[in-house]
Structures are given as C-alpha cells and as structure tokens.
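Asker:
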Amino acid sequence: MTDIILDSDIAAIAAIQGPSSLAIREWLEERYRLGYRNWIYVSQQSEILKQIVADLDRRKITNSRKVAREALHSLLQCCMWLSSLSEDAMMLEDSDPVAAGLNKAAKRVGESTVIATKMEDRLSRGLPFATIESLMDVPIEQREIRMVDLGCQQDRIRAGLERKLHSILHHREFIQGPEIRLLEQRLANYVGVDECIAVSSGTDALLIALMALGIGPGDEILTTPFSFIATAEVIHLVGATPVYIDVDPRTGNLDATRLEAAIKQTTRLILPVSLYGQCADMTEVMLVADRHHLPVIEDAAQSFGATHYNRRSCGLSTIGCTSFFPSKPLGAYGDAGAIFTEDQALAKTMREIRSHGQSSRYHHLRLGINGRMDSIQAAVLLEKLSIIDDELDRRQNIADRYNDSLDDLASQTDLLLPYICDGNRSAWAQYTIQIPGRDVLVKMFSEAGIPSAVHYPNAIFQQPAFLRDINDCPKSIELANKVMSIPMHPYLSADMQQRVVECLYSSIN
Ligand SMILES: Cc1ncc(COP(=O)(O)O)c(C=O)c1O
Numbered sequence: 121m122t123d124i125i126l127d128s129d130i131a132a133i134a135a136i137q138g139p140s141s142l143a144i145r146e147w148l149e150e151r152y153r154l155g156y157r158n159w160i161y162v163s164q165q166s167e168i169l170k171q172i173v174a175d176l177d178r179r180k181i182t183n184s185r186k187v188a189r190e191a192l193h194s195l196l197q198c199c200m201w202l203s204s205l206s207e208d209a210m211m212l213e214d215s216d217p218v219a220a221g222l223n224k225a226a227k228r229v230g231e232s233t234v235i236a237t238k239m240e241d242r243l244s245r246g247l248p249f250a251t252i253e254s255l256m257d258v259p260i261e262q263r264e265i266r267m268v269d270l271g272c273q274q275d276r277i278r279a280g281l282e283r284k285l286h287s288i289l290h291h292r293e294f295i296q297g298p299e300i301r302l303l304e305q306r307l308a309n310y311v312g313v314d315e316c317i318a319v320s321s322g323t324d325a326l327l328i329a330l331m332a333l334g335i336g337p338g339d340e341i342l343t344t345p346f347s348f349i350a351t352a353e354v355i356h357l358v359g360a361t362p363v364y365i366d367v368d369p370r371t372g373n374l375d376a377t378r379l380e381a382a383i384k385q386t387t388r389l390i391l392p393v394s395l396y397g398q399c400a401d402m403t404e405v406m407l408v409a410d411r412h413h414l415p416v417i418e419d420a421a422q423s424f425g426a427t428h429y430n431r432r433s434c435g436l437s438t439i440g441c442t443s444f445f446p447s448k449p450l451g452a453y454g455d456a457g458a459i460f461t462e463d464q465a466l467a468k469t470m471r472e473i474r475s476h477g478q479s480s481r482y483h484h485l486r487l488g489i490n491g492r493m494d495s496i497q498a499a500v501l502l503e504k505l506s507i508i509d510d511e512l513d514r515r516q517n518i519a520d521r522y523n524d525s526l527d528d529l530a531s532q533t534d535l536l537l538p539y540i541c542d543g544n545r546s547a548w549a550q551y552t553i554q555i556p557g558r559d560v561l562v563k564m565f566s567e568a569g570i571p572s573a574v575h576y577p578n579a580i581f582q583q584p585a586f587l588r589d590i591n592d593c594p595k596s597i598e599l600a601n602k603v604m605s606i607p608m609h610p611y612l613s614a615d616m617q618q619r620v621v622e623c624l625y626s627s628i629n
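Start counting the sequence shown at 121; every next residue gets the next number (the working numbering).
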C-alpha cells in the first residue's frame, strides 16, 4: 500500500464527515493508524475550504467558514500537509496546471504515490490519478517493520525541518552558518558543559580530540575492542597504539576494573565507548584516570542523551565525542558529529584543528583537517533536538516493553536481555540481546521478514586491517558471536513490537 494524495474534492468530502464520507474517513484513519501517509497538497488549502463552505451553505449550516476550518483541521488528524515547491507552478502550459503541479508533487513523494480524485478530466490522465473507490478496494497490508524508522520522525517535524532548510537556501551560508553557532550552544546546554564543537562526523570528532591532546607515535591508548571500527581506526591514524581492555560481558562496555593493571609508562589516554546507548562505567574510569593523571575521551557516538548518575553522556570526561549519523538517537541527514569539553584551551585548539589548523583566516597555527559540520546538518539537528527528550522516553518505554515480554523466554532459555548498570539511563541506540547460535536466529528473522543487525560480528582485532594489534580479550570474541540487535526506534508501535517478540518466541523455543 502506497502514499496517497487527496485531491481537493476528496479532501473536502472526507473533511465534512457526512454519511457519504464515513467509509472514506474510516479508511483514511485505518491507513494512518497502520503508518501509511495520506497527504493534502498545501496549494489546495483554499480550494478545499471553498468546497466545504459551499457544501455547508447548501445545507444551510450557519457560520460555515468557521465550521469548514474546523472540519479541515479535524481531517489533519489522519492526513498531513504536502508542501508545494516552485517547480509545481512551472506547468502553466498545461490545460490543468493544478493537476500538473499535483503530479510533480506526487513524483517527489515516490513513484508509486497515487492521487485520489473524482474529477473525470484528471482521471482521464491515468496514473497517478485514480478513484478513491479503486484504492479502497485494495486490502491494507501490515506495514513492514524497520530497524530504525526515520520516516515517522520526519512526519512529526516536517514543517520545522522544511522551514529551516528553506531558510538556508535563502541565506546561503552553507558553511559555518548561523545554525552551527545555535546548535553548538543548544548542544552544550543539553549536555551541561561549556563548550561544544560541531564537526563533520563522529570519526572526525575522535580524530580531532586525539590530535588536540597531542597523541602520536609511541603513545598507548587503553580502549575497548568491542566497538565500531572508528574507535581504533583513529588511534592508528594518529600513529598511536590501541591496547585493548576486555569487556564486561553483561553490557559489552569496557570492564573498568581491568584498567589499573594495564597502565604503563607509555599509556597516554583512556578511550571507553558507551555502547548501544549505555554509558561505560565512567565513574570508575575517571577514578583510575585521575589517579594516573590521564585524560579520558568518551566515545559517546551511540549514547547522546544517556545519563550516568544523572549527568549526561558526552559531559563525563575530559572530552566527549558523539556521532549524528542518521540512525543514531540524535541523527542528522548525512554525516555529522560533535565534541564536548569543559576545557576552554582544548576547545580552542579543537576549533582550530576542525578548520585546517586556522586561528584566523589563512593563518594556520597547527596541522588540522577539514572537519566542519555543514549548516544543513545543523538545521536538521536543531529541529530534532527539540523532540529528543520525548524520543528518549519512548525508547525507554519500548525497551521496558521488550524486557517485560521477553522475561519468560529469557528465564527458560539461554537468551540474555540487555543489562543496564546502576546509575545508568540508556539512550537505547540499540536493543541488543545475547543468544548462542545467533546466526541461525538472524536467518530465521530474515525469513520471517523481521529485520535484525549484528553490532558487531567481530572484535576489532579480528578485522583484517587490525590483525597486528595485540589482544587478550576472550569475552569480546564471545560477545561478537552472541549479540543480535532487534528493531528499536521511538516510533515502533506496540503491534510491530509484538510481531518481533512472537518471532523470538517461535524461533528460540
Ligand atoms: C562507537 C562509535 N564510534 C565512532 C563512530 C563513528 O561515527 P561516524 O559514523 O559519525 O563517523 C560510530 C558510528 O557508528 C560508533 O558507533
């Protein structure tokens, strides 16, 4: 089942809610409840209101303009505004420019989008125009479950997103525009630190942080081997050596009780990762680091929004680095990241490194990179930041629902559910279970049409490019064979979640 645009006549009928429109309205509501989109084209707003008013006047209903506005407003509980763009108006040579504009708008939404109309001349154009009856004849299928559903989130913030993106088209400050400064202030505020530096990705955030701390050849960095490759990659990029500390098998995070014994003369930094959205044991990490006067970078690429004893991830160590990769708890529409610190001197250095080591225009104090975030990503992030707390609550509710529904299964089998340590509130970037024979389960999920992912199938030192790294981390290898992430995003409906749970019960039992 596809996206549908209601032509003005159908929108007017559906808005009025008379006996003749009841079936249409119920059908639109059912589609919307199942996650399908019903659109009303913005350019037709006045035409729709005109048609509703005409109908109300015919039926001698008083105050028809106000009633019409209310009727249209109530239709928006199961429909959304579809923007028109200037290209839609470039169809004046067409005998029906509105139909041509609608056609353009439908193509933008997606090739399979249909425009429901009663107008004979539009129907005679063929697809995408179709009768509402022909569409209502097709049964509404269950929607496909996604690991991460960015579409639902986009629907929620569409108006604000479009406004901000259009504003950039007009002011044209694509690099270091006003959105960047505003985002940096808001992010610093959110995390509760003085300084935030918006950068081009989570990987660049880590790289810039390492460069600012002067990490280089001969330096050893204590880190986790159970992470996305970027964590160790940046250590090698600056010429330093990762020393892997095995993980706590319950959480997948670096086991901080192993740190002290690993510290040597050459140790220069501790780099824990807050995996799946849950902070590593930052209290213990910071105690050890303070005892040995070592700086700490928290790789918080997956944990923006999480808290550790009521303090936010990214603000728990010397430098916090996060990623705004689109699927992250706070995600841009491309690559982006941010760095956080309380240290003003470090912040200044990192701002310079972000922009080719420049302290002022064409004056290059130090070696740097091109690591700037662009204004468009900042605009997207500003809009998404306004709903992150609600989204984090939704993620928590979804995790609670998984925990409740899977508890029985976990008590009867080898299935392990995510373990959240005391003092932590996870951002639930992933809901990751552990199960022996994981690969068979992944296959069964795929056959049942339910997505899953493995974060990560190998410890970093098992990757071909990192085989030279020294390691003694059996727990990480064991985890890599057992972990499996199941769908998790703020808009996962109870019905969809139930389908995932049922699939787990039938596959494991
Ligand atoms: C733990 C960790 N570190 C670093 C990164 C790198 O972030 P980016 O993809 O924004 O460069 C990621 C991204 O997935 C990650 O999960």
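Every residue gets a Cβ at the ideal spot worked out from N, C-alpha and C, and that includes glycine.
Going by Cα to Cα distance, which pick from Arg301, Ser203, Thr361 is closest to Leu587?
Answerer: Looking up residue 587 in the sequence shown gives position 467. Checked all of Arg301, Ser203, Thr361; the closest Cα to Leu587 is Thr361.
Asker: In its own chain, which residues sit with a C-beta less than 7 Å from the C-beta of Thr237, not counting the 5 before and 5 after it?
Answerer: Along the sequence shown, one-based indexing puts residue 237 at 117. Counting only Cβ-Cβ distances below 7 Å, and skipping sequence neighbours, we find Asp127, Asp129, Ile130, Leu243, Phe249.
Asker: Using a 10 Å radius around the Cβ and a threshold of 16 neighbouring Cβ atoms, would you call Asn183 buried or exposed?
Answerer: As a first step, residue 183 must be located in the sequence shown, where it is residue number 63. Counting Cβ neighbours within 10 Å, Asn183 comes out exposed, since fewer than 16 surround it.
Asker: Could you tell me the distance, in whole angstroms, from the CA atom of Val416 to the CA atom of Ser447?
Answerer: As a first step, residue 416 is located in the sequence shown; it is residue number 296 there, counting from the start. As a first step, residue 447 is located in the sequence shown; it is residue number 327 there, counting from the start. When rounded, the distance between both Cα atoms is 26 Å.
Asker: For ligand 1, list every residue whose C-beta falls under 6 Å from any of its heavy atoms, going in chain order.
Answerer: Those satisfying the condition are, in chain order, Ser321, Gly322, Thr323, Ser347, Phe348, Ala350, Thr351, Val393, Asp419, Ala421, Gln422, Ser443, Phe445, Asp455, Gly457.
Asker: Taking 8 Å as the cut-off, does the stretch 547 to 554 touch the stretch 440 to 459 (at least 3 CB pairs, one atom from each stretch)?
Answerer: The stretch 440 to 459 is in contact with the stretch 547 to 554.
Asker: Just mark Lys284 as buried or exposed, buried being the case when its beta carbon has 16 or more other beta carbons within 10 Å.
Answerer: Taking the sequence shown and counting its residues from 1, one reaches residue 284 at position 164. By the neighbour-count rule (16 or more Cβ atoms within 10 Å), Lys284 is buried.
Asker: Hey, quick one: how far does the alpha helix (DSSP H) through Met604 stretch, first residue to last?
Answerer: The count along the sequence shown starts at 1 and reaches residue 604 at position 484. Unbroken run through Met604 is the beta strand (DSSP E), 603 to 606; no alpha helix (DSSP H).
Asker: Please classify Thr442 as buried or exposed, where buried requires at least 16 other C-beta atoms within 10 Å of its C-beta.
Answerer: Counting from one through the sequence shown, the residue named residue 442 turns up at place 322. Thr442 is buried by the Cβ-count criterion.
Asker: Ala225 and Leu202 - do their beta-carbons sit closer together than 7 Å?
Answerer: Taking the first residue of the sequence shown as 1, we reach residue 202 at position 82. Taking the first residue of the sequence shown as 1, we reach residue 225 at position 105. Yes.
Asker: Does the Cβ of Gln554 have 16 or more other Cβ atoms within 10 Å, making it buried, or fewer, making it exposed?
Answerer: As a working mapping, residue 554 is identified with position 434 in the sequence shown. Gln554 should be labelled buried.
Asker: Which of the three DSSP states is assigned to Pro259 in this structure?
Answerer: Along the sequence shown, read from residue 1 onward, the residue named residue 259 stands at position 139. It is coil, neither helix nor strand.
Asker: Select from Leu526, Ser320, Asn544 the residue whose C-alpha is nearest the C-alpha of Arg619.
Answerer: Position 499 of the sequence shown, counting from 1, holds the residue named residue 619. Among Leu526, Ser320, Asn544, the Cα nearest to that of Arg619 is on Leu526.
Asker: Any contact of the stretch 152 to 159 with the stretch 195 to 213, i.e. 3+ C-beta pairs under 8 Å?
Answerer: Segments in contact, yes.
Asker: Rounded to a whole number of angstroms, what is the C-alpha to C-alpha distance between Val560 and Thr533?
Answerer: Against the sequence shown, residue 560 aligns to sequence position 440. Against the sequence shown, residue 533 aligns to sequence position 413. About 15 Å.
Asker: Taking all protein chains shown into account, decide if Asp401 is buried (16 or more other Cβ within 10 angstroms of its Cβ) or exposed.
Answerer: Position 281 of the sequence shown, counted from the start, is the residue given in the question as residue 401. With 16 or more other Cβ atoms within 10 Å, it is buried.
Asker: Is the Cβ-Cβ distance between Leu212 and Ala188 less than 7 Å?
Answerer: To locate residue 212, count along the sequence shown from 1; it is residue 92. To locate residue 188, count along the sequence shown from 1; it is residue 68. No, they are not a contact pair.
Asker: So within the stretch 295 to 324, which uninterrupted alpha helix (DSSP H) runs reach at least 4 residues, ignoring any that extend past its ends?
Answerer: DSSP runs (the alpha helix (DSSP H)) wholly in the stretch 295 to 324: 298 to 311.
Asker: Which residue marks the beginning of the alpha helix (DSSP H) containing Leu561, and which one marks its end?
Answerer: One-based indexing of the sequence shown puts residue 561 at position 441. Start and end: 558 to 567.
Asker: Expressed to the nearest angstrom, what Euclidean distance is found between the alpha-carbon atoms of Gly338 and Cys399?
Answerer: In the sequence shown, counting from the first residue as 1, residue 338 sits at position 218. In the sequence shown, counting from the first residue as 1, residue 399 sits at position 279. Rounded to whole angstroms, Gly338 to Cys399 spans 29 Å at the Cα level.
Asker: Measuring only the C-alpha atoms, how far is Gly451 from Asp510?
Answerer: Taking the sequence shown and counting its residues from 1, one reaches residue 451 at position 331. Taking the sequence shown and counting its residues from 1, one reaches residue 510 at position 390. Their Cα atoms are separated by approximately 15 Å.
Asker: Do Gly372 and Leu395 come within 7 Å of each other at the CB atom, strictly closer than that value?
Answerer: Working through the sequence shown from its first residue, we reach residue 395 at position 275. Working through the sequence shown from its first residue, we reach residue 372 at position 252. Contact: yes.
Asker: Measuring alpha carbon to alpha carbon, tell me which residue in Thr233, Ser166, Arg388, Glu207 is nearest Thr122.
Answerer: Locating residue 122 in the sequence shown gives position 2, counting from the first residue. Checked all of Thr233, Ser166, Arg388, Glu207; the closest Cα to Thr122 is Thr233.
Asker: Give me the Cα-Cα distance between Glu598 and Val363, rounded to the nearest whole angstrom.
Answerer: What you label residue 598 is simply residue 478 of the sequence shown in a count that begins at 1. What you label residue 363 is simply residue 243 of the sequence shown in a count that begins at 1. If you take the alpha carbons of Glu598 and Val363, they lie about 19 Å apart.
Asker: Do Ala329 and Ile459 have their beta-carbon atoms positioned less than 7 Å apart in this structure?
Answerer: Here residue 459 is taken as the residue at index 339 of the sequence shown, counted from 1. Here residue 329 is taken as the residue at index 209 of the sequence shown, counted from 1. Yes, they are a contact pair.
Asker: On the three-state DSSP scale, how would you describe Phe249?
Answerer: Along the sequence shown, read from residue 1 onward, the residue named residue 249 stands at position 129. DSSP places Phe249 in strand when its eight states are reduced to three.
Asker: Cα-Cα, which of Val405, Thr461, Thr343 is closest to Val311?
Answerer: Taking the first residue of the sequence shown as position 1, residue 311 is located at position 191. Of Val405, Thr461, Thr343, the residue nearest in Cα terms is Thr461.
Asker: Any Cβ of chain D within less than 7 Å of the Cβ of Pro571?
Answerer: Here there is only one protein chain, and chain D is not present.
Asker: Anyone know if the C-beta pair for Val88 and Thr403 falls short of 7 Å?
Answerer: An answer regarding residue 88 cannot be provided, because it is not within the stretch 121 to 629 covered by the chain.
Asker: How far does the alpha helix (DSSP H) with Gln171 in it extend, from its first residue to its last?
Answerer: Here residue 171 refers to the residue found at position 51 when the sequence shown is read from its first residue. 165 to 178 is the extent of the alpha helix (DSSP H) around Gln171.
Asker: Tell me which residue opens and which closes the beta strand (DSSP E) that Gln478 is part of.
Answerer: Indexing the sequence shown from 1 puts residue 478 at position 358. First-last of the beta strand (DSSP E) with Gln478: 478 to 480.
Asker: Can the beta-carbon of Asp592 be found less than 7 Å from the beta-carbon of Phe581?
Answerer: For the purposes of this step, residue 592 is taken as the residue at position 472 of the sequence shown. For the purposes of this step, residue 581 is taken as the residue at position 461 of the sequence shown. Not a contact, by the Cβ cut-off of 7 Å.
Asker: If the criterion is Cβ atoms closer than 7 Å, does the pair Leu505 and Arg306 meet it?
Answerer: Within the sequence shown, the letter at position 385 stands for residue 505. Within the sequence shown, the letter at position 186 stands for residue 306. Taking 7 Å as the Cβ cut-off, Leu505 and Arg306 qualify as a contacting pair.
Asker: With DSSP run on the structure shown, which of helix, strand or coil describes Gln582?
Answerer: Here residue 582 is taken as the residue at index 462 of the sequence shown, counted from 1. DSSP places Gln582 in helix when its eight states are reduced to three.
Asker: Candidates Gly334, Gly322, Cys541, Asn490: which alpha carbon is nearest Ala456's?
Answerer: One-based indexing of the sequence shown puts residue 456 at position 336. Of the candidates Gly334, Gly322, Cys541, Asn490, the one whose C-alpha sits nearest the C-alpha of Ala456 is Gly322.
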